[in-house]
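Asker: In the working numbering, the protein residues as written are 59 to 267.
Just so it is clear, CB atoms sit at the ideal spot from N, CA and C, and this is done for glycine as well.
There's a structure below that I have some questions on.
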């Protein structure tokens with residue numbers, strides 16, 4: 059069992075940590091209707107679907123088709139499949155490893171912009187958006203001796219994602235390395251460096267400029 063039954067999205071909604079994948083089923087709509095007929099309220103179900111690769115150029119129309127097929131007035135989450143855009147009528151399995159099937163006339167970033175517009179203009183139909191099969195090149199996180207986040211660093215390394223740290227030595231309004239840190243004081247004495255210092259620039263009259 060998961061440690062928590064739900065995770066909170068930045069929209070404020072709670073998404074279950076366990077889900078049932080039904081994408082291969084031809085009777086999904088009947089399942090949805092069956093659940094509705096059983097008396098389970100729609101708001102107690104977190105319904106997710108994807109914008110398929112051939113539908114990237116027509117996100118609004120694809121949304122309406124999904125709503126109709128699922129027999130619902132709204133989706134809790136919709137995620138476009140962003141391996142790459144393929145031509146209408148082609149199957150994703152045909153396109154894997156076969157670049158000629160990729161539709162290079164459409165950028166998946168434009169698809170994401172369409173999804174953002176749908177989310178903003180139709181919050182009654184689509185309540186959250188996400189991405190699928192998208193791997194970033196760089197992940198910038200808080201990373202310093204007081205917050206090493208080793209689990210995230212190891213995960214990114216395993217996935218080929220470069221980690222960059224923001225303010226690894228702290229900032230002027232949030233000093234992370236202080237003279238009260240005994241471990242850093244020991245390193246200071248061993249390697250002869252100061253926790254805080256000033257870096258001078260040409261034509262700079264004081265350290266606060």
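(1) CB-CB under 8 Å to residue 64, same chain, minus the five flanking residues each way: which ones, in chain order?
(2) For the structure I just gave you, are there three or more beta carbon pairs, one from the stretch 91-102 and one from the stretch 194-212, closer than 8 Å?
(3) Using the three-state DSSP reduction, which class does residue 193 fall into: helix, strand or coil?
(4) Per DSSP, what are the beta-bridge partners of residue 206 in this structure?
(5) Can you confirm whether the stretch 161-179 touches the stretch 219-227 when touching is taken to mean that 3 or more C-beta pairs between the two stretches lie within less than 8 Å?
(6) Would you kindly work out how many angstroms separate the C-alpha atoms of residue 81 and residue 104, rounded to a whole number?
(7) Please classify residue 182 as buried or exposed, where buried requires at least 16 other C-beta atoms within 10 Å of its C-beta.
(8) Whose C-alpha, out of 195, 205, 163, 240, is nearest the C-alpha of residue 225?
(9) Pull up the distance between the alpha-carbon of residue 247 and that of residue 240, whole angstroms please.
Answerer: This is what the structure holds:
(1) Mapped onto the chain shown, residue 64 falls at position 6. Closer than 8 Å at Cβ, skipping near neighbours: 72, 73, 74, 75.
(2) As far as the Cβ criterion goes, the stretch 91-102 does not touch the stretch 194-212, which means the pair count is below three.
(3) Taking the first residue of the chain shown as position 1, residue 193 is located at position 135. Note: residue 193 maps to coil in three-state DSSP.
(4) Here the question's residue 206 lines up with position 148 in the chain shown. The partner list for residue 206 (beta bridge, DSSP) is empty, contrary to what the question assumes.
(5) The stretch 219-227, when compared against the stretch 161-179, does not touch it at the 8 Å Cβ threshold.
(6) Your numbering for residue 81 matches position 23 in the chain shown. Your numbering for residue 104 matches position 46 in the chain shown. C-alpha separation (whole angstroms): 15 Å.
(7) Taking the first residue of the chain shown as 1, we reach residue 182 at position 124. When all chains shown are included, residue 182 counts as exposed.
(8) Taking the first residue of the chain shown as 1, we reach residue 225 at position 167. Minimum Cα-Cα distance from residue 225 among the listed residues 195, 205, 163, 240 corresponds to 205.
(9) Numbered from its first residue, the chain shown carries residue 247 at position 189. Numbered from its first residue, the chain shown carries residue 240 at position 182. Rounded to the nearest whole angstrom, the C-alpha separation of residue 247 and residue 240 is 11 Å.
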